[in-house]
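**Student:**
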Amino acid sequence: MNRFIGFLKKEFYHIFRDKRSMLILFGMPIVQILLFGYVINTDLKDVQMAVLDHSKDEYSAEIINKITSSGYFKLTENLESLEEADAVFRKGNVKVILVIEPDLGKNLIKNTAGNIQILTDASDPNTANLEVNYLQGILQNYNLEINRGKQTPLSIQAKSRMYFNANLESVFMFIPGIMATILMLVSAMMTSISIAREKELGTMEILLVSPLNPLQIILGKVAPYLVLSFINALVIIGMGYFIFGVPVLGSFALLMAESVLFIFLALSIGIFISTVSKNQQVAMMLSMFALMLPTIILSGFIFPIRNMPIPLQVFSNIIPPKWFIIILKNIMLKGVGIEYIWKETLILIAMTFGFIGLSLKKFKTRLE
Amino acid sequence: MNEKEKVIRVKNMYKKFGDFTANNDLSFEVSKGEIFGFLGANGAGKTTAIKILCGLSFPTSGEIKVAGFDVYTERESVKRNIGYMSQKFSLYEDLTVFENIRFYGGIYGLSKAEINSKADELLDKLDLQHARNKMISALPLGWKQKLAFSVAIFHNPEIVFLDEPTGGVDPVTRRQFWDLIYDASRAGITVFVTTHYMDEAEYCDRVSIMVDGKIEALDTPEKLKKQFNVDDMDQVFLSLARHATNIE
């Protein structure tokens, strides 16, 4: 046991004395969260808007006036029919179309309710969501204004419709996505590099010749990263919750348990990578191309899997973070329990055992 | 502990990789405190043999005992009683001199008190007390090499395996390094050393020369020179290695 503690101590020295490791471990999660978080929260300014005004009365004119004078939106086009909407969005400049129903003023007075539809280009879902919120805010203000001193309140109802990404899937996606990326990076990439480094420097030989058995060596190498990854997971969830209000609706314990499972999986991938790479460079390249890129691109973190070509959709099934992101999303945003995510959990467990098995096999052939 | 005690016994050792025979019927014995030179061209099978003796790899067949323990069944005991140093010197660059000593002492199960007292002794002997808290990366190559060797025998092993320990080091430092090897040998530690430098072969008590997986010569440097009727070990080596087919 003393031997093992000495070993752990040395591992922590390696990590804490290496500026690059420290930066990846603690700088990166924070920078990523702030970056993604604030990119989502940027204010709108001069968003190009088209209007399809079927009503053309004083109410509609005033509404348009309110919106354009807010500074957030700029009227660039007047449309004649709804058929033009698609083409206008596809051109790319106009992000919002305001559709005002015929006889808005009359309906307001006769039925005390008028309808306005907001169409947005949701290919950039975060901005689309913001635009809708802003517009609804402006309309609500206007609503209050015209109701002042009236007994039966008139209401303008704004309905929004997202073009291209109707469910607005990735608004809160950045926290689960960053979580998967960081845990993958810290656990898999850093472990594989740190094991590969021992090989490269020749110290692995010394360790193998020593009375430490291979299991102790591997455990000693991965244990620090298990601890640090877990801290990272807490930091990410904490920052998401306190700074950006990303909720954790489901069980926190379940969330943590799934995170530990994913960390184990990432560690076993890291060990596997280190068994197939001779030096740090190879380990780094393998981690970058075999892990980081798929984690970012194919896991559904940034690009919705549904919109991918079929072969890539199939391929995304073997990307571990995909399943972890689904689990996180379900626990954090939908608040479900294990009964809804047991399948994904099983997949992660199976992958973990798969990689441990592969590494063991690789290790044994080396020893013969 | 008589003079004749054999700490390494190898009898008919074979190691095959598929069709390729890396070690072909090796048999030799090494006595306690002896400096045993293990020579051969690259690809002659030296590394394979050392790996087996260190418990890193299993032989295909043969009877092998290291420090009195069987390499098939008592690997843990073998490992506890040997030290190992490779040409990479294998110290952690981002740890200090003392931290390296403490780490290696620790993995061999030495107690804190033992490590502290022995580390002081060692640093005094190497005249490195002033560098105790310096990072290894700040040390010159010669110091690293001496320190690596001292760390390899820190836990008082029966045998220390040195795999080309003097690679890339200048002749003066090499000579100083060999003084350390003699010290260890006088203290009863058996030294099993591979080298490319034939002048170093002259420093060994006995030398074996491997060619194509077989030991072609094994004797004291003097007797080998006489046997091949030449002036130095270089020529002994060349006259044997000339017939090799497995040179890389």
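Each protein sequence line maps, in turn, to chains W and Y. In case it helps, full-length UniProt numbering puts the first sequence at residues 1 to 368. In case it helps, full-length UniProt numbering puts the second sequence at residues 1 to 248. Here a beta-carbon is modelled for each residue, glycine too, at the ideal position from N, C-alpha and C.
1. With H, G and I counted as helix, E and B as strand and the rest as coil, what does DSSP make of V211(Y)?
2. For R186(Y), does the count of other Cβ atoms within 10 angstroms reach 16, so buried, or fall short, so exposed?
3. Quick one: is T203(W) near chain Y, going by C-beta distance under 8 Å?
4. Rounded C-beta distance between E101(W) and H54(W)? I'm assuming under 8 Å.
5. So what does DSSP say about M49(W), is it helix, strand or coil?
6. Exposed or buried, which one is T73(Y) when buried takes at least 16 other CB atoms within 10 Å?
7. Return the chain-ordered list of same chain residues with a C-beta closer than 7 Å to the C-beta of Y72(W), the five sequence neighbours on each side being excluded.
8. Kindly say whether F7(W), judged by its beta-carbon, lies nearer than 8 Å to any beta-carbon of chain Y.
9. If the criterion is Cβ atoms closer than 8 Å, does the pair S194(W) and K221(W) meet it?
10. Looking at C-alpha atoms only, which residue of Y104(Y), V193(Y), E29(Y) is the closest neighbour of E5(Y)?
11. Who are the Cβ neighbours of I296(W) in its own chain at under 7 Å, not counting the five residues just before and after it?
12. Are the C-beta of V209(W) and some C-beta of chain Y separated by less than 8 Å?
13. Should the stretch 231-245 of chain W be regarded as contacting the stretch 311-326 of chain W, the criterion being three or more beta carbon pairs within less than 8 Å?
14. Measuring straight from C-alpha to C-alpha, what distance separates D232(Y) and K225(Y)?
15. Just the chain Y side, please: which residues come within less than 7 Å of I206(W) by C-beta, in chain order?
16. What does I10(W) touch in chain Y if you count any residue whose Cβ is under 8 Å from its own?
17. Taking Cβ positions only, does L23(W) come closer than 8 Å to chain Y?
18. Taking 6 Å as the limit between beta carbons, can you name the residues of its chain near R75(Y), skipping five residues before and five after?
19. Quick check on DSSP: helix, strand or coil for N167(W)?
20. Between which two residues does the alpha helix (DSSP H) holding R102(Y) run?
21. Would E248(Y) pass as an interface residue toward chain W - the criterion being a Cβ-Cβ separation below 8 Å?
22. Take E131(W) and list the residues in its own chain whose beta-carbon comes closer than 7 Å to its own, dropping the five residues that flank it on each side.
23. Taking G168(Y) as the reference, give the member of N23(Y), T48(Y), Y197(Y) with the closest Cα.
24. Assuming Y92(Y) and K10(W) form a contact by the criterion Cβ under 8 Å, report the distance between their Cβ atoms to the nearest whole angstrom.
25. Across which residues does DSSP place K6(Y) in a beta bridge pair?
26. Which chain W residues are close to C54(Y), counting only those with a beta carbon under 9 Å from its beta carbon?
27. Residues bridged to G40(Y) by DSSP?
28. Short of 7 Å in beta carbon distance, which residues of its chain neighbour D103(W), apart from the five on each side in sequence? Order them along the chain.
29. Taking just the CA atoms, how far does G45(Y) sit from E248(Y)?
30. Please state the DSSP three-state secondary structure of T76(W).
31. Give me the DSSP bridge partner(s) of I159(Y).
32. By DSSP, does K16(Y) sit in helix, in strand, or in coil?
33. Can you check whether the C-beta of K361(W) is within less than 8 Å of a C-beta belonging to chain Y?
34. Have a look at residue 388(W) and E344(W) and give me their C-alpha separation to the nearest angstrom.
35. Who are the Cβ neighbours of S155(W) in its own chain at under 7 Å, not counting the five residues just before and after it?
36. Can you find a CB in chain Y that lies within less than 8 Å of the CB of R20(W)?
**Tutor:** Straight from the coordinates:
1. Within the second sequence, numbered from 1, the residue matching residue 211(Y) stands at position 211. The answer is strand: DSSP assigns V211(Y) an E or B state.
2. The sequence position of residue 186(Y) within the second sequence is 186, counting from 1. The residue is exposed, with fewer than 16 neighbouring Cβ atoms inside 10 Å.
3. Counted from its first residue, the first sequence places residue 203(W) at position 203. By this cut-off, T203(W) is an interface position.
4. As a position in the first sequence, residue 101(W) is number 101, starting the count at 1. As a position in the first sequence, residue 54(W) is number 54, starting the count at 1. Here E101(W) really is in contact with H54(W); their C-beta atoms are around 6 Å apart, less than 8 Å.
5. As a working mapping, residue 49(W) is identified with position 49 in the first sequence. Strand.
6. The residue labelled residue 73(Y) in the question sits at position 73 within the second sequence. It is exposed - the Cβ of T73(Y) has fewer than 16 other Cβ atoms within 10 Å.
7. Taking the first residue of the first sequence as 1, we reach residue 72(W) at position 72. Cβ within range, chain order: L44, K45, V47, Y134.
8. The count along the first sequence starts at 1 and reaches residue 7(W) at position 7. Interface criterion met: the Cβ of F7(W) is under 8 Å from a Cβ in chain Y.
9. Along the first sequence, read from residue 1 onward, the residue named residue 194(W) stands at position 194. Along the first sequence, read from residue 1 onward, the residue named residue 221(W) stands at position 221. In contact: S194(W) and K221(W) (Cβ atoms closer than 8 Å).
10. Reading the second sequence from its first residue, position 5 is the one you call residue 5(Y). Looking at the Cα atoms, E29(Y) is the closest of the given residues.
11. Working through the first sequence from its first residue, we reach residue 296(W) at position 296. Closer than 7 Å at Cβ, skipping near neighbours: T181, I302.
12. Counting from 1 along the first sequence, the entry for residue 209(W) is found at position 209. Closer than 8 Å to some Cβ of chain Y, the Cβ of V209(W) qualifies, so yes.
13. Because the criterion of three Cβ pairs below 8 Å is not met, the stretch 231-245 of chain W and the stretch 311-326 of chain W do not touch.
14. Taking the first residue of the second sequence as position 1, residue 232(Y) is located at position 232. Taking the first residue of the second sequence as position 1, residue 225(Y) is located at position 225. Approximately 6 Å between the Cα atoms of the pair.
15. Here the question's residue 206(W) lines up with position 206 in the first sequence. Within chain Y, the residues near I206(W) are Y84, S90.
16. As a working note, residue 10(W) is residue 10 in the first sequence. Looking at the sequence shown, residue 10(W) is not Ile but Lys. Residues of chain Y passing the Cβ test: Y92, L95, E99, F103.
17. Taking the first sequence and counting its residues from 1, one reaches residue 23(W) at position 23. Not closer than 8 Å to any Cβ of chain Y, the Cβ of L23(W) fails to qualify, so no.
18. The residue you call residue 75(Y) lines up with position 75 of the second sequence. Result list for R75(Y): G55, in chain order.
19. Locating residue 167(W) in the first sequence gives position 167, where the first residue counts as 1. Residue placement at N167(W) cannot be trusted, given a pLDDT of 47 that sits under 50; the coordinates are not used to answer.
20. Locating residue 102(Y) in the second sequence gives position 102, where the first residue counts as 1. Segment 97-107, the alpha helix (DSSP H) holding R102(Y).
21. Here the question's residue 248(Y) lines up with position 248 in the second sequence. Caution is warranted here: a pLDDT of 47 is assigned to E248(Y), below 50, making its placement in the model unreliable, and the coordinate value is therefore given only provisionally. Not flagged as an interface residue toward chain W: E248(Y), since no C-beta distance is shorter than 8 Å.
22. The sequence position of residue 131(W) within the first sequence is 131, counting from 1. Correct list, in chain order: L44, V47, K95, V96, T120.
23. The count along the second sequence starts at 1 and reaches residue 168(Y) at position 168. Selected option, being the one with the closest Cα: Y197(Y).
24. Along the second sequence, one-based indexing puts residue 92(Y) at 92. Along the first sequence, one-based indexing puts residue 10(W) at 10. Distance from Y92(Y) to K10(W) at the Cβ level is roughly 7 Å; contact confirmed, criterion being Cβ atoms closer than 8 Å.
25. In the second sequence, residue 6(Y) corresponds to position 6, counting from 1. S31(Y).
26. Taking the first residue of the second sequence as 1, we reach residue 54(Y) at position 54. In chain order: E205, L208, V209.
27. Taking the second sequence and counting its residues from 1, one reaches residue 40(Y) at position 40. DSSP, once it has assigned bridges, lists M210(Y) as partnering G40(Y).
28. Residue numbering aside, residue 103(W) sits at position 103 when the first sequence is read from its first letter. Within the same chain, D103(W) has close Cβ partners S55.
29. Your numbering for residue 248(Y) matches position 248 in the second sequence. Your numbering for residue 45(Y) matches position 45 in the second sequence. A caution first: E248(Y) carries a pLDDT of 47, below 50, which makes its placement in the model unreliable, though a value can still be read off. Spanning the two alpha carbons is a distance of roughly 11 Å.
30. Numbered from 1 along the first sequence, position 76 holds the residue referred to as residue 76(W). When DSSP states are grouped into helix, strand and coil, T76(W) belongs to the strand group.
31. To locate residue 159(Y), count along the second sequence from 1; it is residue 159. For I159(Y), DSSP records a beta bridge to I82(Y), T190(Y).
32. As a position in the second sequence, residue 16(Y) is number 16, starting the count at 1. In the three-state DSSP reduction, K16(Y) falls in the strand class (E or B).
33. By one-based count along the first sequence, residue 361(W) stands at place 361. With 8 Å as the cut-off, K361(W) does not count as an interface residue toward chain Y.
34. The requested residue 388(W) is not part of the displayed model; chain W covers only 1 to 368.
35. In the first sequence, counting from the first residue as 1, residue 155(W) sits at position 155. Within its own chain, the residues whose Cβ lies closer than 7 Å to the Cβ of S155(W), once the five positions on either side in sequence are excluded, are T112, A113, N143, listed in chain order.
36. Indexing the first sequence from 1 puts residue 20(W) at position 20. So no, R20(W) is outside the interface.
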